[in-house]
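Colleague: Pasting a structure here, questions to come.
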Amino acid sequence: MNGIRQHQYLKEIGITVWLERKLAGKETTGFNVKSVSKENRLLETELDKNLDYLSSQVQTCNFCELHKFRTKAVFGIGNKNADWLVIGEAPGVEEDLKGEPFVGRAGKLLNAMLLSMGLQRKEVFITNILKCRPPKNRDPKLDEVEACGNYLRQQIELIKPKVILALGRIAAQNLLKSTTPIGKMRGNSYLYPGSDLPVVVTYHPAYLLRSPTEKRKVWEDLKFAQNIFRGLI
Ligand code: URA
Numbered sequence: 759m760n761g762i763r764q765h766q767y768l769k770e771i772g773i774t775v776w777l778e779r780k781l782a783g784k785e786t787t788g789f790n791v792k793s794v795s796k797e798n799r800l801l802e803t804e805l806d807k808n809l810d811y812l813s814s815q816v817q818t819c820n821f822c823e824l825h826k827f828r829t830k831a832v833f834g835i836g837n838k839n840a841d842w843l844v845i846g847e848a849p850g851v852e853e854d855l856k857g858e859p860f861v862g863r864a865g866k867l868l869n870a871m872l873l874s875m876g877l878q879r880k881e882v883f884i885t886n887i888l889k890c891r892p893p894k895n896r897d898p899k900l901d902e903v904e905a906c907g908n909y910l911r912q913q914i915e916l917i918k919p920k921v922i923l924a925l926g927r928i929a930a931q932n933l934l935k936s937t938t939p940i941g942k943m944r945g946n947s948y949l950y951p952g953s954d955l956p957v958v959v960t961y962h963p964a965y966l967l968r969s970p971t972e973k974r975k976v977w978e979d980l981k982f983a984q985n986i987f988r989g990l991i
C-alpha cells in the first residue's frame, strides 16, 4: 500500500493523520529516500560494504563535541536487510562501553517488546538518533542531532526498512521534525520526511521501566505498527 492510499484509508477509519506538507518534501532530507522498496535493495555484498564503510566513518567521527567523551561510538546492530528499523535516542553508559545499542535494562525490555511482536532482536536493525553518548545521558543538543543526522539518513537509505519504530520523544520529534508531545504523537501514522516509509511512535523502554503502567499503551502501539507493516492500515 502506498503512503497516499494508506493515509486515505486511515482518514476513512477515523484515525488522525499528521504530516506537515513542507516536511514531506525531498528538500528536508537532502537526499532521496522515496524508493525504499526491497526490490531496489543493494546486492548483499555491496550492502555489507557500504554499511561497514558508514560504520567506520561513525567510529572516527568528530563532527560534534561528543566524540571527546565517548569510549565507543554506537553505529547500530542487526539485520542489514531488516524490515523493521528501531530508533532510540542515544547510547547510555553500557552502550558506550560495549559499542552496541540497547544492551542495558532498557535493552532487555526492548527485546521483550520485539518478541511480543514475534521479532527477535537479530531480525531487526537497532540504532539511535545520536551515535555517541551525551555526558550524564543529557538530552541531545540540536547541533549534535544535525551532525549525526546524515549517518541515520544513510542507514535508512541503505537498509531500506519497511517500518520505522521510533522509541521515545527524542527519536520521534527529531525524525519527524516535530515539537508535538509524544503522548499526542502516539497512535498516528507518519511518513519519514521525503519518503513513503511509515514511522510509528511509541514510548521509550527506559520510560516504561519508570512507568510500567504505560506498557498497555506500548502494546497498542506495537499492534498498530504490525498492522501497518502487514498493510492492514
Ligand atoms: N537508550 C537509547 O535510547 N538507546 C540506547 O542505545 C540505550 C538506551
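Just so you know, we're using the working numbering here: the sequence shown kicks off at 759 and counts up by one.
Think of the CB as a built atom: it goes at the ideal place given N, C-alpha and C, for glycine as much as any other residue.
This structure is a prediction, so every number in the text was calculated from the model and none was measured.
1) Is the segment 940–958 in contact with the segment 969–986, if contact means three or more CB pairs nearer than 8 angstroms?
2) Which two residues bound the contiguous beta strand (DSSP E) that contains L843?
3) How would you write the range of the alpha helix (DSSP H) that L801 sits in, first residue to last?
4) Excluding five sequence neighbours on each side, which residues of the same chain lie with their C-beta closer than 7 angstroms to the C-beta of D897?
5) Note down, one range per segment and in chain order, each alpha helix (DSSP H) of at least 4 residues found wholly within the segment 849–880.
6) Whole-angstrom Cβ separation of R891 and G850, contact assumed at under 8 angstroms?
7) I'd like the span of the alpha helix (DSSP H) that includes P963, first residue to last.
8) Pull up the distance between the alpha-carbon of R828 and that of G836, whole angstroms please.
9) Starting from the C-beta of E852, find all residues in its chain whose C-beta is less than 6 angstroms away, skip the five residues before and the five after it, and write them out in chain order.
10) Identify the residues that DSSP records as bridge partners of I835: which are they?
11) Please report how far the alpha carbon of N932 lies from the alpha carbon of V903, in whole angstroms.
12) Identify the continuous alpha helix (DSSP H) that holds I922 and give its terminal residues.
13) Compute the minimum distance between the beta carbon of N886 and the heavy atoms of the ligand URA, and state whether it is under 6 angstroms.
14) Helix, strand or coil: which one does DSSP assign to V791?
15) At which residues does the beta strand (DSSP E) containing T960 begin and terminate?
16) For a test of the three-state rule: what should DSSP assign to L933, helix, strand or coil?
17) Does S947 come out as helix, strand or coil in the three-state DSSP assignment?
Modeller: According to the data block:
1) Under the Cβ criterion (8 angstroms, minimum of three pairs), the segment 940–958 counts as touching the segment 969–986.
2) 842–846 is the extent of the beta strand (DSSP E) around L843.
3) Note, L801: premise wrong, no alpha helix (DSSP H); not H, not E.
4) Within the same chain, D897 has close Cβ partners I928.
5) Segments of the alpha helix (DSSP H) lying fully in the segment 849–880: 851–856, 863–874.
6) Contact flag correct, Cβ pair sits at about 6 angstroms.
7) Element bounds for P963: 963–968.
8) Going from the Cα of R828 to the Cα of G836 covers about 22 angstroms.
9) So the list reads V861, G862, once near-sequence residues are dropped.
10) Paired residue(s): I884.
11) Between N932 and V903, the C-alpha separation is close to 8 angstroms.
12) Secondary structure note for I922: it is in no alpha helix (DSSP H), and the uninterrupted beta strand (DSSP E) holding it is 921–925.
13) For N886, the shortest C-beta to heavy atom distance toward the ligand URA is below 6 angstroms.
14) Residue confidence is low: V791 scores 43 on pLDDT, short of 50, so the model does not pin down where it sits. Its coordinate-derived value is still stated next. Coil at V791, not helix or strand.
15) It spans 956–960 - the beta strand (DSSP E) in which T960 sits, taken as one unbroken run.
16) DSSP places L933 within a helical segment (H, G or I) once states are collapsed to three.
17) Residue state for S947 is assigned as strand, using DSSP reduced to three classes.
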